[in-house]
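Trainee: Provided herewith is a single structure, encoded as structure tokens, for subsequent inquiry.
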Amino acid sequence: MTDDIRNLEKIKEMLLEERREILERLAKKQGAHLELLESHAKGDIADQATALEIQRIKSTLSSMERQKLQNIENALKKIEDGTYGICAECGELIDEKRLMIKPFAIYCVKCKEEKEKNGL
Ligand SMILES: [Zn+2]
């Protein structure tokens, strides 16, 4: 289904770019190495102590930024799995224009509006 999204590569780039920006700010603030944070984000770090240290550094993010980082990582994982762009509610493909604006949207416009109407 993900194959239906013509701009998937572009969206992936946007997500990676956003993630990089967050990690870059974090690295600067905490005096940590960006490369280290990035390789952890990719799941490349096996070393337990390093992983814990990175968890600690990440915990200094504001909850909004942490949530955003989480959303980005979820979206990237979905791209890997081939399930990206599918509405978590109705299973329909989310409009590509919407994804280009909000690359980590998990609901299609219809479901999103429905949820807002119900105050969710
Ligand atoms: Zn939907």
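For our numbering, add 4 to where a residue sits in the sequence shown, where the first one is 1.
We treat Cβ as the ideally placed atom computed from N, Cα and C, and that holds for glycine.
1) Could you tell me the alpha carbon to alpha carbon distance between Asn75 and Leu41, rounded to whole angstroms?
2) How about Glu96 and Cys112: are their beta carbons less than 7 Å apart?
3) Drop a sphere of 10 angstroms on the beta-carbon of Arg10, count the other beta-carbons inside from all chains shown, and report buried for 16 or more, exposed for fewer.
4) In or out: Lys32 buried (at least 16 other Cβ within 10 Å) or exposed?
5) Could you give the first and the last residue of the continuous alpha helix (DSSP H) run that contains Glu22?
6) Using a threshold of 6 Å, is the CB atom of Glu93 nearer than that to any non-hydrogen atom of ligand 1?
7) Could you work out which residue in Ile15, Ile98, Ser63 and Lys14 is closest to Leu27 when comparing CA atoms only?
8) In the structure shown, what three-state DSSP assignment does Ile61 receive?
9) Going by DSSP, what residue range makes up the alpha helix (DSSP H) through Ala79?
10) Tell me, please, which residues DSSP counts as bridged to Leu97.
Mentor: To lay it out plainly:
1) In this model, Asn75 and Leu41 are separated by some 16 Å (Cα to Cα).
2) Yes, the pair counts as a contact, with Cβ atoms nearer than the cut-off.
3) Arg10 is exposed by the Cβ-count criterion.
4) It counts as exposed.
5) Element bounds for Glu22: Leu12 to Gln34.
6) Checking the Cβ of Glu93 against ligand 1 gives yes.
7) Nearest to Leu27 by C-alpha distance, out of Ile15, Ile98, Ser63 and Lys14, is Ser63.
8) Three-state result, Ile61: helix.
9) Looking at the DSSP string, the run of the alpha helix (DSSP H) that includes Ala79 is Ser67 to Asp85.
10) Bridge partners of Leu97: Ile90.
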